[in-house]
Every structure is written in structure tokens, then in C-alpha cells.
Amino acid sequence: MVTAGVHGNEPSGVYALKTIFAELEKNKPSIKGTFLGVSGNQNALQKGKRFIEEDLNRTWKDKNLQKNQPNSHEQKEMLEIIELLKDYSEEKFPERYFVDCHTTSSDSLPYISVQEVGKNDEFAHKFPGYIVRGFSDIVNGSIDKYFSKQGITGFTFEAGQHTAKSSQANHEAIIWLALKEACMLDLNQVSCYPECVEIFKNKFEDGQKTFKIVYRHGIEDNSEFEMESGFENFEKISEGQLLAVQDGEEIRSKWNARIFMPLYQSQGNDGFFVIEEAD
Ligand SMILES: [Zn+2]
Numbered sequence: 013m014v015t016a017g018v019h020g021n022e023p024s025g026v027y028a029l030k031t032i033f034a035e036l037e038k039n040k041p042s043i044k045g046t047f048l049g050v051s052g053n054q055n056a057l058q059k060g061k062r063f064i065e066e067d068l069n070r071t072w073k074d075k076n077l078q079k080n081q082p083n084s085h086e087q088k089e090m091l092e093i094i095e096l097l098k099d100y101s102e103e104k105f106p107e108r109y110f111v112d113c114h115t116t117s118s119d120s121l122p123y124i125s126v127q128e129v130g131k132n133d134e135f136a137h138k139f140p141g142y143i144v145r146g147f148s149d150i151v152n153g154s155i156d157k158y159f160s161k162q163g164i165t166g167f168t169f170e171a172g173q174h175t176a177k178s179s180q181a182n183h184e185a186i187i188w189l190a191l192k193e194a195c196m197l198d199l200n201q202v203s204c205y206p207e208c209v210e211i212f213k214n215k216f217e218d219g220q221k222t223f224k225i226v227y228r229h230g231i232e233d234n235s236e237f238e239m240e241s242g243f244e245n246f247e248k249i250s251e252g253q254l255l256a257v258q259d260g261e262e263i264r265s266k267w268n269a270r271i272f273m274p275l276y277q278s279q280g281n282d283g284f285f286v287i288e289e290a291d
């Protein structure tokens, strides 16, 4: 199962799914299993907005899941996806996999964000590129955390900047690779292969790397926070380096590590994260 457009301002995964389904219908390569594409926040996608009333990637909390009466547009969409999942129960589909497709506001190398639950981490390491562990443990109510809890194996994939053409190409690549790993698709049967997969693989000259989050810099609502300009996601930082200024005070690095998700938009409570390579 591939979910896309959970954030309505991130249509790249939906476009990728359309391309993939067109190819599957045209050339009919054999796959073992059932492939399901789910478009997330439909209403927000139509409007090109991140969400209508609340973030659909934060609604999957126990208090929302336990009631049947949705309080927002997003809770309604959440319940629709849960209803759909009933047709693909573990009894009927003993091995279930997911990829949740996203993009980021600033330019970034694509990466997998994986929660270390069940077989998620093992599955994630079948893919090339960067893998970040632990992000879903910090946030509450994300869809990947819900899927993992249901025993579905998978991860979130951040394909790059929202509107970059390369983001769609990266989404297509990860979906093809997921079909190979989960449904034993022979990629040679796909007309765009190898280009559609190599384009993604070739971004990582240093091969597969695994990172863990070692620090989150949270921001209070009334705080004034300004990230030093020019940081790229995954950029190396060193001890003593100026990272940001908050309420007139300098924030300097205590780490020889890498910066992750530096905040360059006005909204948000996560200033930046620090990640280190995992053993
Ligand atoms: Zn997103």
C-alpha cells in the first residue's frame, strides 16, 4: 500500500502513483500480491493546501481513533482510510507493507524515515540512500506510526522539495523498488527501468547510510527563532558552529554531527534536529 497526499500541498506522490498505475496497466508485469494506492487528504489536495482543519499526519492518536464521530475534515479522511484497510486485513493479507509519500518545504536529499517497530527497519534497509530512525517516536499521531501499530511493515519517504520535478521521480523510484521488495516485481519487466530507479540510487555516492536523531531543538510559541541561513538537510556541522539565534542568544553546536530539518519557514515548533550516523 502506498499512501500519498496525506499533506495536501505534497501532490508529488499522487502523480507518481498515477504514472506507476499507468505502466502497470500497460505492460502488466507480474506481481505477487495486491498493490493499493491511497490518496490522502483529498480536499486539501484539491485546494493545494497542507490541510483543511488539522494535520492529517497528526490525527492518528488514540483519543481520535477511539471515537467514531469525526471532529474535523481530516478525522473524517482518517476514518475513511481505516474503513478501507478493513478490506485488507491481516487474515487475508498476512504480509502487508506500506510506503507513505511526502515532500519537504526546503530542498533536501530524499530520505526514508523509519520507526524501529516490527520489521520496519529491516525492510527500510533493502532500499538505497539515507535512512533516519526515530522521527516517528518524537511526533504523536502520524500515519506511519498507526500502520506500524497495525502490524503493517514500512516507512515514510521524503522525496525532496514539494514542487521539484525530481521529487516525483524519486517517488516513482521508491515505489518501483517497494514493488520489487514487497511483491517480487521483476524490474526488467518495467519499460522505464533502469533509468527510473537509477536516477534515485545515483544521488547517493556514499551509498546507504543510517542516522539516528540525537537532539531536537524545540521552540516555544512566544520565542523568536532564526536559523542561520544556508543549511542544507544532512549538512555536516561541527562543535562550536553557530546554528541559530533564539531570543537574542546564539545557539552553537555541541556536536560533530549533521543538521536535520532546519526550520526556514515561519511556522513550526521544531527549530532543528541533530542526527548522527548509527552503528
Ligand atoms: Zn508531508
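Residue numbers (my numbering): 13 to 291.
The C-beta atom is built at its ideal place from N, Cα and C for all residues, glycine as well.
Computed from a predicted model, the values in this text were never measured in an experiment.
Query	Result
Let me know if I93 comes out buried or exposed under the rule of 16 or more other beta-carbons within 10 Å of its beta-carbon.	buried
Please indicate yes or no: does the CB of N69 lie closer than 7 angstroms to some heavy atom of ligand 1?	yes
Extract the residue ranges of the beta strand (DSSP E) inside the segment 206-264, only unbroken runs of 3 or more that lie entirely within it.	221-230, 237-239, 254-258 and 261-264
How is G146 classed by DSSP in three states: helix, strand or coil?	coil
Can you tell me whether G172 is buried or exposed, with buried defined as 16 or more other CB within 10 angstroms of its CB?	buried
CB of H183 to nearest heavy atom of ligand 1: below 7 angstroms?	no
With a CB to CB cut of under 8 angstroms and the five nearest residues on each side skipped, what residues in its chain are close to Q253?	R264 and S265
Is the beta carbon of D156 closer than 8 angstroms to that of R145?	no
Quickly, what does DSSP pair E37 with across the bridge? List them, please.	Its beta-bridge partners do not exist; DSSP assigns none.
Alpha carbon to alpha carbon, what distance is there between F272 and S125?	12 angstroms
On the DSSP bridge assignment, give the partners of T168 in chain order.	D112 and S125
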